[in-house]
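**Student:** Would you mind keeping the following structure in view while I ask a few things?
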Amino acid sequence: MKNILDRNQNKANEVRNLLASRKVLMVNIISSPGAGKTTLLERTCEALASKFRIGVIEGDVTTDRDAQRLKKYNIPIVVINTEGGCHLDSHSISKVLDSFDLDNLDVLFVENVGNLICPSQFDLGETFKLAVVSTAEGDDKPDKYPMLFREAKAVLLNKIDLIQYTNFNHENFTRDLKKINGKILQFDVSCTRGDGLEEWFKWITDQISHLTSEPEAYF
Amino acid sequence: MHEIKIAEDLSVIVLETAKKENLSKITKVNITFGQLIQIVPDIFRFAFDEAVKNSVAQEAELTIEVIPVMMKCINCGNDFQVVENRFSCNVCNSTDLEIIHGKELFIKSIEGE
Ligand SMILES: Nc1nc2c(ncn2[C@@H]2O[C@H](COP(=O)(O)OP(=O)(O)O)[C@@H](O)[C@H]2O)c(=O)[nH]1
Ligand SMILES: [Mg+2]
Ligand SMILES: [Zn+2]
Numbered sequence: 001m002k003n004i005l006d007r008n009q010n011k012a013n014e015v016r017n018l019l020a021s022r023k024v025l026m027v028n029i030i031s032s033p034g035a036g037k038t039t040l041l042e043r044t045c046e047a048l049a050s051k052f053r054i055g056v057i058e059g060d061v062t063t064d065r066d067a068q069r070l071k072k073y074n075i076p077i078v079v080i081n082t083e084g085g086c087h088l089d090s091h092s093i094s095k096v097l098d099s100f101d102l103d104n105l106d107v108l109f110v111e112n113v114g115n116l117i118c119p120s121q122f123d124l125g126e127t128f129k130l131a132v133v134s135t136a137e138g139d140d141k142p143d144k145y146p147m148l149f150r151e152a153k154a155v156l157l158n159k160i161d162l163i164q165y166t167n168f169n170h171e172n173f174t175r176d177l178k179k180i181n182g183k184i185l186q187f188d189v190s191c192t193r194g195d196g197l198e199e200w201f202k203w204i205t206d207q208i209s210h211l212t213s214e215p216e217a218y219f
Numbered sequence: 001m002h003e004i005k006i007a008e009d010l011s012v013i014v015l016e017t018a019k020k021e022n023l024s025k026i027t028k029v030n031i032t033f034g035q036l037i038q039i040v041p042d043i044f045r046f047a048f049d050e051a052v053k054n055s056v057a058q059e060a061e062l063t064i065e066v067i068p069v070m071m072k073c074i075n076c077g078n079d080f081q082v083v084e085n086r087f088s089c090n091v092c093n094s095t096d097l098e099i100i101h102g103k104e105l106f107i108k109s110i111e112g113e
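As they're listed, the protein sequences go chains A and B. Heads up: the first sequence begins at 1 in the numbering used here, then just goes up one per residue. Heads up: the second sequence begins at 1 in the numbering used here, then just goes up one per residue.
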């Protein structure tokens, strides 16, 4: 039996091997539109750009507005316009990797196209997926989009500052999330007010440091 | 709308097969999806029909089988079907699991003449 996504999977494996050989951590960030991916990247660049060499791939349907927001951090950014497409795939990632100096990069954040279903079906060759959900979207996301929360290593629950204005039930959210993925990490944050971000910075710092300090493999 | 990209990838494989096997007409395409892939069959059918328009596969009959999510417990070895997104072992409650079924995107068979 032939897997329909073999082509995407093979390319993703290539990307994964390439990035591993250059010790670059790649984070595939997936959320609905407006959950706060770009704001998270802004905060993360502010906190970590002096410590690590950060690169960003912006998946955008038609514009480069998110990339413009990140220009001020003087980091390499490449925009992939999907021309209406609802997700990035491994071939588009592979093509733009040439534009980065991988030997001088520690971490590559990929802001996927805003959508909870499609991006979670396409492996990009990332080290791990990060899901971002905001309290304004309601607490039913894990149950509705199990594949994403099954695949993600961590979820950032953003806009925690707005929770008092919504009917978001934090207990139900965490319960549903753990039911789908008992190992997933959850960070409650506000990317605008700053709540919980220290914990996120600490964790992502550990992920990057762990990879870049790994001894060379000898055969 | 990942259905569109997946249907396009499928059409490429179908047409390559037709060429390789010297088929002048594809009559049937049978595929299997795991439930976790969240394919909407109607959208997929529509996208596939679009992708094979004006080709040897334009009249192909597409059969879609959806299979439920099955996991194996790494702790106790139990195999179980996931219901209501409950990804924990129904014997020992462990969340240390391995996926057996649910992420398939397989072409079972392609028929032609
Ligand atoms: N109140 C509040 N607004 C936020 C927060 N994070 C982001 N936003 C706002 O939500 C909107 C969408 O954010 P953006 O980062 O562009 O989302 P993206 O589409 O996922 O990249 C912007 O107006 C942000 O200022 C937060 O923690 N709290
Ligand atoms: Mg954005
Ligand atoms: Zn068990």
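We treat Cβ as the ideally placed atom computed from N, Cα and C, and that holds for glycine. Quick caveat: nothing in here was measured; it's all calculated off a predicted structure.
Can you name the residues of chain A whose CB is closer than 8 angstroms to the CB of N85(B)?
**Tutor:** Those within 8 angstroms of N85(B) in chain A are P142, D143, P146, D176, K179 and I180.
**Student:** Applying a beta-carbon distance threshold of less than 7 angstroms, which residues of chain A neighbour K181(B)?
**Tutor:** Because chain B in this structure spans residues 1 to 113, residue 181(B) falls outside the shown range and cannot be described.
**Student:** Identify, in the order they occur along the chain, each residue of the same chain with its Cβ nearer than 7 angstroms to the Cβ of V79(A), setting aside the five sequence neighbours on each side.
**Tutor:** Closer than 7 angstroms at Cβ, skipping near neighbours: E58, D60, D64 and A67.
**Student:** Identify the residues that DSSP records as bridge partners of G59(A): which are they?
**Tutor:** G59(A) pairs with I80(A).
**Student:** Going straight from the alpha carbon of P119(A) to that of F52(A), what length do you get?
**Tutor:** In a straight line, the C-alpha of P119(A) is about 27 angstroms away from that of F52(A).
**Student:** For Q121(A), would you say it is in contact with chain B, using Cβ-to-Cβ distances shorter than 8 angstroms as the test?
**Tutor:** Taking Cβ atoms only, chain B reaches closer than 8 angstroms to Q121(A), which makes this a yes.
**Student:** If I'm right that V52(B) touches A60(B) with Cβ under 8 angstroms, what's the distance once you round it to whole angstroms?
**Tutor:** Yes, V52(B) and A60(B) are in contact; Cβ-Cβ is about 6 angstroms, under 8 angstroms.
**Student:** Is the number of C-beta pairs between the segment 150-167 of chain A and the segment 177-188 of chain A that are closer than 8 angstroms three or more?
**Tutor:** Flag = yes, the segment 150-167 of chain A and the segment 177-188 of chain A touch.
**Student:** Using 8 angstroms as the cut-off, can you tell me whether the segment 29-47 of chain B makes contact with the segment 87-98 of chain B, which would need three or more C-beta pairs spanning the two stretches below that distance?
**Tutor:** As far as the Cβ criterion goes, the segment 29-47 of chain B does not touch the segment 87-98 of chain B, which means the pair count is below three.
**Student:** For chain B, check one thing: does any of its Cβ atoms lie closer than 8 angstroms to the Cβ of R7(A)?
**Tutor:** Judged by the 8 angstroms Cβ criterion, R7(A) is in contact with chain B.
**Student:** Count the other CB atoms, across all protein chains shown, that sit within 10 Å of the CB of E3(B); report buried if there are 16 or more and exposed otherwise.
**Tutor:** Buried: at least 16 other Cβ atoms inside 10 Å.
**Student:** Who are the near neighbours of N3(A) in its chain, counting only those whose CB is closer than 8 angstroms to its CB and skipping five residues on each side?
**Tutor:** For N3(A), where only same-chain residues beyond five positions count, the Cβ hits under 8 angstroms are Q9.
**Student:** Who are the Cβ neighbours of N55(B) in its own chain at under 7 angstroms, not counting the five residues just before and after it?
**Tutor:** Before going on, a small fix: residue 55(B) reads as Ser here, not Asn. Closer than 7 angstroms at Cβ, skipping near neighbours: L15.
**Student:** Would you grab the beta carbon distance between V27(A) and F109(A) for me? Rounded to a whole angstrom, and I think it's under 8 angstroms.
**Tutor:** So it is a contact: roughly 5 angstroms between Cβ atoms.
**Student:** Counting only beta-carbon atoms, is K183(A) nearer than 8 angstroms to chain B?
**Tutor:** By this cut-off, K183(A) is an interface position.
**Student:** Nearest chain B C-beta to D89(A) closer than 8 angstroms, yes or no?
**Tutor:** True, the Cβ-Cβ gap to chain B drops below 8 angstroms.
**Student:** What residue range does the alpha helix (DSSP H) around E8(B) cover?
**Tutor:** First-last of the alpha helix (DSSP H) with E8(B): H2 to K20.
**Student:** I'd like to know whether the C-beta of S24(B) is nearer than 8 angstroms to at least one C-beta of chain A.
**Tutor:** It does not: the Cβ of S24(B) has no partner Cβ on chain A nearer than 8 angstroms.
**Student:** Reducing DSSP to helix, strand and coil, say where H210(A) ends up.
**Tutor:** Three-state result, H210(A): helix.
**Student:** Under 8 angstroms by Cβ, that's how I've got E111(A) and K37(A) pegged, so tell me the actual separation to the nearest angstrom.
**Tutor:** With 8 angstroms as the limit, E111(A) and K37(A) qualify as a contact, their Cβ atoms being about 5 angstroms apart.
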